[in-house]
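Trainee: Numbering (this note's numbering), first residue to last: 191 to 801.
Okay, structure coming up:
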C-alpha cells in the first residue's frame, strides 16, 4: 500500500525546501528593507547635514555680523563713556563756575552793605538835623534809593541761598498781626505818593503762633512791591489774612492774599511769572521812584513759600488786577528751632591803633573798642559813640587783642568778616580769656545768614546787628546790654548768688565768681582780711581782681568785701530780732568789722536804715 503523499519523502523534502526558501526570502526581504531604510536614513542624514551646514553658515554670518556690531557698539560705548566723562567734567566745571560766580556776587553783596550803611546812616542823621524842605526832599530821595539798593542786595543774597539749597527756616513765637503791620507800614508811603490805598482784612482765631519771621517778611515785601508796581494811581491793594482748619489734612492753615487793581497778568505769562529772571514785556507798570524789577522777586517768593511747606498761585480778578494767594501751615507748637521774641530783638591803618583825641577823653566814661577793617565805617561808628563813650579803634582781631592788653575796655563792637582774624575768632579769644571774658561783645556785620548769627551767639556775643543799621537802634541796643548787666549786678549784690548774673555754667566768669564767694565765705570774719590777701588766694593780681569784680558786681574789691559783710549782718540782724541774743557790736565783730561805729555808718549808707 502506497503511503499517503504527505508521508512520502519527496513531499517532506519539498516542505523542508519550501520552508528554507521562505526563510531565505524573508531574510532577503528584511535585508532589502533594512538597506532601504538605511538608504532613506542616509538621505535624511545628508539632507539634515546640508541643512545644518547651511544653518551653520548662516550662524557664522550672523556671528560675524554680531561681532562687527559688538565692535561697533564697543567703539560707541567708548565714545559714550568719553562723552559722559567729558559731560561730568563739564558739569563739575560749570557747577564750580556757578558756585564761584554766586560766591562772588554774595561777597560783593556783603561788601556793598558797608558803603550803603555809610550812605544811609549820615543821610538819616542829616534828615533829623535839617529843616530846609528842599534839602529834606533830596535826602528822602537818597534814603529811599539806598533802602531800595539794600533790598536788591538782600534779594541777591537770598537767591544765592536758594541756589545752594541753604535757605534757612527759623521760627519765632510772636503776634503775627503786629508783625505784618510792621512790614506793611513802610509801603504806605510809596503807595501814598500815588494815592494808592492799602486795605487790610484780618480774620485770625489766634494772633500769636509760630512763624518764620524772615520768610514771611520776604514774601510780603515782594508781593507788596509787585502790587504797588502794577497798580495805577488811585488804585487799591487789599491784603487778606485768615487762619482756618483744614479738615482734609486735620491741620491748621494760614491763608494770605495780596490783591491789586492793575491791568492783570496776560494768560501767556501766568505760568512764567514764578520763573527766575522772567519779566513780562507786555505788563503795564507804574515803577516807584524810577525803580524797575529784577525778575527774581516772585521766584524768591515761591521758593520761600515752598520752603515753609506752602503753596502759592495767582489769579486774575474778574474786573481788574491780580490776586496772589498763599496757603501755609499754621504752627501752634514749635516746629523747628525757635528764636523767642525777646531773643530775636536782642539778636537783634599802618597797624597803628586809632585812639580818640585825648582832649575828648573822659575818665568817667566807659571805653568802647570798635573793630572794623573799613576805615570809614570804623570812623562812622565811633562818631555815633563818641558823644557818650570813649572810643578806641582796631582794623582786625589781632590789632584788637593788642589794644585789649594795654587798655581797660568796657565794651567791644566788632565786624564779623575781617582779614588776619575775623570777629568770630576774636569773640572766641575774648570769652576764653579770663582777663577779658566779662567784656560785653556786640557783632556789627553785613553777614545776614542765620548760621552766622547762631555761631556768633554760641561764641558768647551779647548781640548781633546787621548792616546797614539804624544809629538810634545801635545806641539803644548798647544801653540795653549795659542796663541788663547793671540789673544782674544789683541782684547779685542783694543776694550774693552767682545764678543772678545769668552766665553759663562752664564760663570763666562763673568759675571766678564761685571762687570769690568761696573765699569770702572762709574769710569774712577775719577783720584783717585785705584786698592783697583776697588777690593772693584767688591767684591773680590786685588790679585784675579789682577789674573783674568791678565788671561782674559793679563794686571794687574793697567795696565787694564790705557789701558781702553787710549783707550777712543784715540777715543776722533780721534773725536777731526774733532771738534777741546779740547786740550790734557783737554782730559787727562777727562779720569782720573792727569798729561798731564804722559798721553802723556803713550799714546805714547801704540799707538807708540804722542796724
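From the three backbone atoms N, C-alpha and C, an ideal C-beta is built for every residue, glycine too. Since the model is a prediction, treat every value here as computed from it, not as a measurement.
(1) Assess, as a yes-or-no matter, whether the region 327 to 335 is touched by the region 677 to 689 under the definition of 3 or more beta carbon pairs within less than 8 Å.
(2) In angstroms with no decimal places, state the Cα-to-Cα distance between residue 620 and residue 413.
(3) Which one of 452, 461, 556, 494 has the shortest CA to CA distance from residue 507?
(4) How long is the line joining the alpha carbons of residue 702 and residue 604, rounded to whole angstroms?
(5) Going along the chain, which unbroken runs of the beta strand (DSSP E) with 3 or more residues stay wholly within the region 305 to 369?
(6) Return the CA-CA distance between residue 560 and residue 713, expressed in angstroms with no decimal places.
(7) On the DSSP bridge assignment, give the partners of residue 580 in chain order.
(8) Distance, Cα to Cα, residue 194 vs residue 205?
(9) Helix, strand or coil for residue 280, going by three-state DSSP, please let me know.
(10) By the DSSP assignment, the beta strand (DSSP E) with residue 797 in it spans what residues?
(11) Does the region 627 to 634 come close enough to the region 662 to 672 that 3 or more CB-CB pairs lie under 8 Å?
(12) Please report how far the alpha carbon of residue 754 lies from the alpha carbon of residue 588, in whole angstroms.
(13) Buried or exposed for residue 583, going by 16 or more other Cβ atoms inside 10 Å?
(14) For residue 454, which residues of its own chain have a beta-carbon under 8 Å away from its beta-carbon, when the five flanking residues on both sides are left out?
(15) According to DSSP, is residue 376 part of a helix, a strand, or is it coil?
(16) Under three-state DSSP, which class holds residue 742?
(17) Tell me the DSSP secondary structure of residue 667 in three-state form.
(18) State buried or exposed for residue 416, treating a residue as buried only when at least 16 other CB atoms are found within 10 Å of its CB.
(19) Between the C-alpha atoms of residue 556 and residue 599, what's the straight-line distance to the nearest angstrom?
(20) Can you tell me the Cα-Cα spacing of residue 411 and residue 273, whole angstroms?
(21) Using only the alpha-carbon positions, how far apart do residue 326 and residue 320 sit?
(22) Kindly provide the ranges of any beta strand (DSSP E) runs that are 3 or more residues long and lie completely inside the region 405 to 465, ordered along the chain.
(23) Could you tell me if residue 226 is buried or exposed, where buried requires 16 or more neighbouring beta carbons within 10 angstroms of its beta carbon?
(24) Which residues mark the beginning and the end of the alpha helix (DSSP H) in which residue 495 is found?
(25) Rounded to a whole number of angstroms, what is the C-alpha to C-alpha distance between residue 538 and residue 280?
(26) Please confirm if residue 362 has its CB atom under 8 Å from at least one CB of chain C.
(27) State buried or exposed for residue 794, treating a residue as buried only when at least 16 other CB atoms are found within 10 Å of its CB.
(28) So what does DSSP say about residue 207, is it helix, strand or coil?
(29) To the nearest angstrom, how far is the alpha carbon of residue 733 from that of residue 726?
(30) What is the rounded straight-line gap between the Cα of residue 486 and the Cα of residue 673?
(31) Does the region 386 to 399 touch the region 422 to 439, meaning 3 or more C-beta pairs lie closer than 8 Å?
(32) Is it right to say residue 266 is buried, meaning 16 or more other beta carbons lie within 10 angstroms of its own, or is it exposed?
(33) Quick one, are the C-beta atoms of residue 829 and residue 347 less than 8 Å apart?
(34) Does the beta-carbon of residue 689 have 16 or more other beta-carbons within 10 angstroms, so that it is buried, or is it exposed?
(35) Quick one: what's got a C-beta closer than 8 Å to residue 310's C-beta in the same chain, skipping five residues either side?
(36) Cutting at 7 Å between CB atoms, please list the residues of its own chain near residue 720, excluding the five before and the five after it.
Mentor: Here's the rundown:
(1) Between the region 677 to 689 and the region 327 to 335, the count of C-beta pairs closer than 8 Å stays below three; the two stretches do not touch.
(2) Along the chain shown, one-based indexing puts residue 620 at 430. Along the chain shown, one-based indexing puts residue 413 at 223. Rounded to the nearest angstrom, the two C-alpha atoms are 44 Å apart.
(3) Within the chain shown, residue 507 is the residue found at index 317, counting from 1. Selected option, being the one with the closest Cα: 452.
(4) Reading the chain shown from its first residue, position 512 is the one you call residue 702. Reading the chain shown from its first residue, position 414 is the one you call residue 604. So the alpha carbons of these two residues sit roughly 26 Å apart.
(5) Listed in chain order, the complete beta strand (DSSP E) runs (minimum 3 residues) inside the region 305 to 369 are 361 to 365.
(6) As a working mapping, residue 560 is identified with position 370 in the chain shown. As a working mapping, residue 713 is identified with position 523 in the chain shown. Take the alpha-carbon of residue 560 and the one of residue 713: they are about 40 Å apart.
(7) Counted from its first residue, the chain shown places residue 580 at position 390. In DSSP, residue 580 forms a bridge with 557.
(8) Looking up residue 194 in the chain shown gives position 4. Looking up residue 205 in the chain shown gives position 15. Cα-Cα distance, rounded: 15 Å.
(9) Start at 1 with the first residue of the chain shown, and residue 280 comes out as number 90. Here residue 280 sits in helix by DSSP.
(10) Within the chain shown, the letter at position 607 stands for residue 797. Residue 797: not part of any beta strand (DSSP E); member of the alpha helix (DSSP H) spanning 786 to 797, first to last residue.
(11) Remark: three or more beta-carbon pairs, one from each stretch, lie closer than 8 Å, so the region 662 to 672 and the region 627 to 634 are flagged as touching.
(12) On the chain shown, residue 754 is found 564 positions in, with the first residue counted as 1. On the chain shown, residue 588 is found 398 positions in, with the first residue counted as 1. Rounded to whole angstroms, the gap between the alpha carbons of residue 754 and residue 588 is 39 Å.
(13) As a first step, residue 583 is located in the chain shown; it is residue number 393 there, counting from the start. Classification for residue 583: buried.
(14) Numbered from 1 along the chain shown, position 264 holds the residue referred to as residue 454. 506, 507, 510, 511, 512, listed in sequence order.
(15) The count along the chain shown starts at 1 and reaches residue 376 at position 186. Correct three-state label for residue 376: helix.
(16) Your numbering for residue 742 matches position 552 in the chain shown. Under the three-state reduction of DSSP, residue 742 is assigned to helix.
(17) One-based indexing of the chain shown puts residue 667 at position 477. In the structure shown, residue 667 sits in a helix (DSSP, three-state: H, G or I).
(18) Within the chain shown, residue 416 is the residue found at index 226, counting from 1. It is buried - the Cβ of residue 416 has at least 16 other Cβ atoms within 10 Å.
(19) On the chain shown, residue 556 is found 366 positions in, with the first residue counted as 1. On the chain shown, residue 599 is found 409 positions in, with the first residue counted as 1. If I take the Cα positions, the gap works out to 8 Å.
(20) Sequence index remark: in the chain shown, residue 411 carries index 221 (1-based). Sequence index remark: in the chain shown, residue 273 carries index 83 (1-based). The alpha-carbon of residue 411 is positioned some 46 Å away from that of residue 273.
(21) Indexing the chain shown from 1 puts residue 326 at position 136. Indexing the chain shown from 1 puts residue 320 at position 130. When rounded, the distance between both Cα atoms is 7 Å.
(22) 426 to 436, 441 to 450, all fully within the region 405 to 465.
(23) Walking along the chain shown from the start, residue 226 turns up at place 36. With fewer than 16 neighbouring CB atoms inside 10 Å of its own CB, residue 226 falls in the exposed class.
(24) Position 305 of the chain shown holds residue 495. Residue 495: member of the alpha helix (DSSP H) spanning 487 to 497, first to last residue.
(25) What you label residue 538 is simply residue 348 of the chain shown in a count that begins at 1. What you label residue 280 is simply residue 90 of the chain shown in a count that begins at 1. In this predicted model, residue 538 has a pLDDT of only 38, less than 50, meaning its place in the structure is not dependable enough to derive any value.
(26) This model lacks chain C altogether, as it is built from one protein chain only.
(27) Start at 1 with the first residue of the chain shown, and residue 794 comes out as number 604. So residue 794 counts as exposed.
(28) Here the question's residue 207 lines up with position 17 in the chain shown. If DSSP states are grouped into helix, strand and coil, residue 207 belongs with the helices.
(29) The sequence position of residue 733 within the chain shown is 543, counting from 1. The sequence position of residue 726 within the chain shown is 536, counting from 1. Those two C-alpha atoms are separated by around 12 Å.
(30) In the chain shown, counting from the first residue as 1, residue 486 sits at position 296. In the chain shown, counting from the first residue as 1, residue 673 sits at position 483. Cα-Cα distance, rounded: 43 Å.
(31) Under the 8 Å Cβ criterion, the region 422 to 439 counts as touching the region 386 to 399, having at least three qualifying pairs.
(32) Position 76 of the chain shown, counted from the first residue, corresponds to residue 266. Of the other Cβ atoms in all chains shown, fewer than 16 fall within 10 Å of the Cβ of residue 266; this residue is therefore exposed.
(33) Outside the shown range of the chain, which is 191 to 801, sits residue 829, and nothing can be said about it.
(34) Locating residue 689 in the chain shown gives position 499, where the first residue counts as 1. Exposed is the label assigned to residue 689, since fewer than 16 other Cβ atoms lie within 10 Å of its Cβ.
(35) Counting from one through the chain shown, the residue named residue 310 turns up at place 120. Excluding the 5 residues flanking it on each side, residue 310 has same chain C-beta neighbours closer than 8 Å at 333, 336, 337, 340, 658, in chain order.
(36) Numbered from its first residue, the chain shown carries residue 720 at position 530. No residues qualify anywhere along the chain.
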